[in-house]
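S.K.: Input: one structure, supplied below.
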Amino acid sequence: MNWNKRLYFDGGTGTVLQAMGLAAGETPESWNLSHPEKITALHTAYLDAGANIIKTNTFGINRDKYENYEELIAAAMGCAKAAAAGREEAYIAFDVGPTGRLLEPLGDLPFEEAVALFAANMKLAKKYGADLILIETMNDSYETKAAVLAAKEQTDLPVFVTNVYDGSGKLMTGADPAAMVALLEGMGVDAIGMNCSLGPAQMVRLVEQFAEYSSLPVIVNPNAGLPEVKGGKTVFTVGPEEFAGYMEQIARKGGCILGGCCGTTPDHIRAMRQRVEGVPYALPAPKNKTVISSYTHAVEIGPDPILIGERINPTGKPKLKEALRSGDLNYILNEGIRQADAGVQLLDVNVGLPEINEQEMMKKAVAALQAVTDLPLQLDSNNPAVLADAMRIYNGKPLINSVNGEQESMDAVFSLVQKYGGAVIALTMDKSGIPTTAEGRVAIAERIARRAAEFGIAKKELIVDPLALTVSSDQNAALVTLDSIRLLRERGFYTSLGVSNISFGLPAREKINSTFFACAMEKGLNCAIMNPFTPGMMDAWYAYRALHGLDTACTDYIGYADQAAPRQTAAPAAVTLHDAVVKGMKEAAMITAGEALQSREPLEVINGEIIPALNEIGEAFEQKKAYLPQLLMSAEAANAAFELVKEKLPPSAATGKSVILATVKGDIHDIGKNIVRVLLESYGFKVYDLGRDVAPEAVWQAVEQTGCRLVGLSALMTTTVPAMAETIALLHEKDPAVKVMVGGAVLTPDYAEMIHADFYGKDAMESVRIAEEYYRSVC
Amino acid sequence: MMGELPTAALQANPRELAARLQSRLPVEGTEECLEELRKVVSCRYSFLRMPILRPAENTLDLGFGSFESKNLTKNLTGCEEAFLFAVTLGVGVDRLLTRLSALSPARHFITDALASALAEAACEEAEQRIKGELCCAPRFSPGYGDVSLELQAPLLNLLQGQKLGITLNQNLLMVPTKSITAIMGIKQ
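Chain order of the listed sequences is A and B.
Count the first sequence with numbering that gives the first Met the number 0 and you get residues 0 to 778, in order.
Count the second sequence with numbering that gives the first Met the number 0 and you get residues 0 to 187, in order.
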């Protein structure tokens, strides 16, 4: 394609076809077979009006919606080819619209299934000779990524992407233009932009944002204004001349490929082309920005140091190790959310343990984390296969931790970055180890940058970690690292450090760490992988930013200082652990449990305080003297206390009582199940929570893996009770010793018996009684 | 026709909220949960005014295919037109609920109850804006009475649910989960 001049898309399809007689309820794509001559006439009208890219009439076609999807696509391509035949410059854009389904985790379309759906279309785009792929009207970044992956894996055609931004300048699922630019540039698409939803007037501001971030040509295909209803019909009111006027403004602000969407007609395109033709054209200048993104926002690496939370990494963390071994994702999620609340901007995710399947766990952790936090992730593994899977399903442009100067490392990591996009932490080490001088470390960084360039990866995507080695074994270690940072900054590299390594083997490590952190920032450090729960590190960061003009009016610092100031203690001395649990006071429960543990045995605290308090509130609930939210808050307070007590218990004293919980296949309601979980946990049961919408086979797998033979199933809808029956049948068939308790809004004791459940729990308290009874009977 | 509802315009009905919270007393923490919830609500709606066709006894056609329903036929007695509408609190609410589900069952429960009550309030507010001075029959939704849930797909299609961000999962449940579709007859 010729990029050296402005290109013009055609305009609306559906709205024009309606004017040509498409009936309500009739789909535009059906006309590919029933009225091909009209589709060809539409394309011809746009080409005559001055468009040089036409969109095939394939927006709504996919394998799930149409059995004859290939026939429809072939016919659409035929219409486009007939219109383009004999014209000097008429490109055929194979049009790809959204699936209409929402991807997991919020929806139920698995990411790989979305990729496969799009792939089926992409293969046909290639087979029938499209000139480029246009992925359009996408309002979800994750679905956009699935479509782009499919296009890249099935074809070598240019890929154009336009998303739908709303009045607040974001996609329906939250991404802003900077985040989309990062994601799509990383994946190597050819042009990006916006279409539909807004009129040209509202898009002007968005075009400015794209111009700021994008190094790729920007596509702008607005509607003919915002829709209005007149005489019971939706109409678009911006006429051709007015439209052209706005498009001229858009061209001046950097719009490179211009056209229209709903409500625009060949007249709009003709007027636009005449008006815009005189506006000077230039491709956007390459932007030298280093950006990481999530599904909502981009984080730019630069003079303002970025904090990367290090807590999701099992090294030296027994609790996380235990969580990984037992597949407890909740623990990982809580670590992620707590770090986000503590103020980090990125989360490092490392789940490598020799005894677990790191590849599977990494995928689960990334999927779960990006469901609960919008922080961009730093994917951390030394196994390229683990990175490959994680990068594929990551909803954004990740930071990769890490590459080093060894050939195999560079080739493996850079080929992944080439495909999925990403910035990379580059460690200045290779086969011969870590150079002892700053110059030696910089030399490795430069070698890594040269190899990256051979993969088409710009130097700006590398963030060099010159490695901090402990000063306890080498007095010069910190000085070499600090000097490396200075030198790297001079050579145009951004830098990162795992700060806490510096104090390994020394007492009161935080004191060294925070001072070293301040020194490193002074030398120009851009990112720190650190523990945000250490006040000294946070002090250093806030103070540094305030002192270096990075914190306007010291607002962030003042907010931080206010928050960190000692507050009045939350628990008045009079509150006992028993009261704290009954009243659902989580903080007070933790404080009083800590106090109780100083003078009493852990088991005594559990059996003498926590359990009686829970029984008290549980009985009040059963007698309707307390309400469900109170019961839940008590259970949470008890759990918080229980966690502290557990740390003092020898491992052998753990109760050994466990329950598997799941909401059945097809049911996405998990509140009831979560209520049961928190109550069981507060009574000391180990709960394997499989989540919601869980297939029967997955429940059986959990029984096999954990050896736990008590299963709790929840269903809220009558439509999913058959799935519950199916799950029970499978469990009993595989192992008659498995006992299943059921509960949920639609169940009754009779219903439970009919589907062969072993127990029916009318509420969460009863499920605790059932579980206790079960363990009394089997012991 | 599409519109947005400012979050400030949505007030949960206290009685309904109490029922959803299963509590007759004020629940501690509700205010904080509401504040957190309001930050992520992005409420949109769309509606159409359609003629009511009655191709056969107890059979209706409101522009998204004909279907049988005694209940809705009765509900629409005396009406020749109906408003169809869809309203959603947006996918941010689902994200918040997912997050709370991992974080705190108590806050999850309270926030879910609040969100359901706000969705109901959004539906009320949308209804008021759509009908204006017109007198309307009580709202009816797919899944109520003998109106099949299967109608959700063609109804949302006609209402351009996709532009509101409303999708259906394989079990015909709407995602965002705090979304409502409704049919409302216009009394002459």
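Glycine included, every Cβ here is placed at the ideal spot set by N, Cα and C.
Since we're looking at a predicted model, the values are computed, not measured.
Give me the Cα-Cα distance between residue 487/A and residue 285/A, rounded to the nearest whole angstrom.
M.R.: Cα to Cα, the separation comes out at about 22 Å.
S.K.: Tell me, please, whether the region 707 to 717 of chain A touches the region 127 to 137 of chain A by the rule of three or more beta-carbon pairs shorter than 8 Å.
M.R.: no
S.K.: Chain B partners of residue 626/A, CB-CB under 9 Å?
M.R.: 20, 21, 22, 23, 24, 26
S.K.: CB residue 322/A to CB residue 278/A, shorter than 9 Å?
M.R.: no
S.K.: Are the C-beta of residue 424/A and some C-beta of chain B separated by less than 9 Å?
M.R.: Answer no: the Cβ-Cβ gap between residue 424/A and chain B never drops below 9 Å.
S.K.: Taking Cβ-Cβ distances shorter than 7 Å, what residues in chain A pair up with residue 103/B?
M.R.: 635
S.K.: According to the neighbour-count rule (16 or more other Cβ atoms, all chains shown, within 10 Å of its Cβ), is residue 158/A buried or exposed?
M.R.: So residue 158/A counts as buried.
S.K.: Please state the DSSP three-state secondary structure of residue 261/A.
M.R.: coil
S.K.: Please report the straight-line C-alpha distance between residue 291/A and residue 138/B, rounded to a whole angstrom.
M.R.: 47 Å
S.K.: Hey, could you find the ends of the beta strand (DSSP E) residue 78/B is sitting in?
M.R.: That run of the beta strand (DSSP E) goes 78 to 87.
S.K.: Please classify residue 706/A as buried or exposed, where buried requires at least 16 other C-beta atoms within 10 Å of its C-beta.
M.R.: exposed
S.K.: Evaluate residue 557/A with the Cβ neighbour count: other Cβ atoms within 10 Å of its Cβ, from every protein chain shown; 16 or more gives buried, anything less gives exposed.
M.R.: exposed
S.K.: Flag residue 183/B as yes if its beta-carbon sits less than 9 Å from any beta-carbon of chain A, otherwise no.
M.R.: no
S.K.: In chain order, which continuous runs of the alpha helix (DSSP H) of length 4 or greater are located wholly inside the region 457 to 536 of chain A?
M.R.: Qualifying alpha helix (DSSP H) stretches, in chain order: 476 to 489, 508 to 521.
S.K.: From this set, 745/A, 7/A, 77/A, 353/A, which residue's C-alpha is nearest residue 34/A's C-alpha?
M.R.: 77/A
S.K.: Using the beta-carbon count (16 or more within 10 Å), is residue 19/A buried or exposed?
M.R.: Exposed, since its Cβ has fewer than 16 Cβ neighbours within 10 Å.
S.K.: Tell me, please, which residues DSSP counts as bridged to residue 429/A.
M.R.: 432/A
S.K.: Taking the CB atoms as reference points, tell me whether residue 175/A and residue 168/A lie closer together than 9 Å.
M.R.: For residue 175/A and residue 168/A, yes; Cβs fall inside 9 Å.
S.K.: Using a Cβ cut-off of 9 Å, which residues of the region 661 to 673 of chain A contact any Cβ in chain D, in chain order?
M.R.: Note that chain D does not occur in the displayed structure, where the protein chains are A and B.
S.K.: Check the Cβ of residue 55/A against every Cβ in chain B and list those closer than 7 Å, keeping chain order.
M.R.: Simply none; closest approach about 20 Å.
S.K.: Kindly provide the ranges of any beta strand (DSSP E) runs that are 3 or more residues long and lie completely inside the region 20 to 100 of chain B, ordered along the chain.
M.R.: 42 to 50, 52 to 55, 58 to 60, 65 to 67, 78 to 87
S.K.: Given that residue 174/B touches chain A, what residues does it touch there, using C-beta distances under 9 Å?
M.R.: 100, 101, 105, 106, 107, 667
S.K.: Return the first residue and the last residue of the alpha helix (DSSP H) that residue 619/A is part of.
M.R.: 610 to 621
S.K.: Starting from the Cα of residue 490/A, find the closest Cα among 440/A, 539/A, 506/A, 507/A and give me that residue.
M.R.: 440/A
S.K.: Can you find a CB in chain A that lies within less than 9 Å of the CB of residue 93/B?
M.R.: So yes, residue 93/B belongs to the interface.
S.K.: What's the gap between the Cα of residue 310/A and the Cα of residue 84/B?
M.R.: Taking the straight line joining both Cα atoms gives about 47 Å.
S.K.: If we count the other Cβ atoms within 10 Å of its Cβ and call it buried at 16 or more, is residue 6/A buried or exposed?
M.R.: buried
S.K.: Which value, in whole angstroms, describes the spacing of the CA atoms of residue 482/A and residue 344/A?
M.R.: 26 Å
S.K.: Please check if any C-beta of chain A sits within less than 9 Å of the C-beta of residue 151/B.
M.R.: no
S.K.: Going along the chain, which residues of its own chain have a beta-carbon closer than 6 Å to the beta-carbon of residue 58/A, five neighbours each way excluded?
M.R.: 94, 96
S.K.: Taking the continuous beta strand (DSSP E) assigned at residue 309/A, which residues delimit it?
M.R.: 305 to 311
S.K.: Would you report the Cα separation of residue 61/B and residue 79/B, rounded to the nearest angstrom?
M.R.: 10 Å
S.K.: Which value, in whole angstroms, describes the spacing of the CA atoms of residue 542/A and residue 521/A?
M.R.: 12 Å
S.K.: On the CB-based measure, 16 or more other CB atoms within 10 Å of its CB, does residue 68/B come out buried or exposed?
M.R.: buried
S.K.: Per DSSP, which one or two residues make a beta bridge with residue 186/B?
M.R.: 78/B
S.K.: Give the residues of chain A in contact with residue 100/B, contact being defined as C-beta atoms less than 7 Å apart.
M.R.: 669, 673
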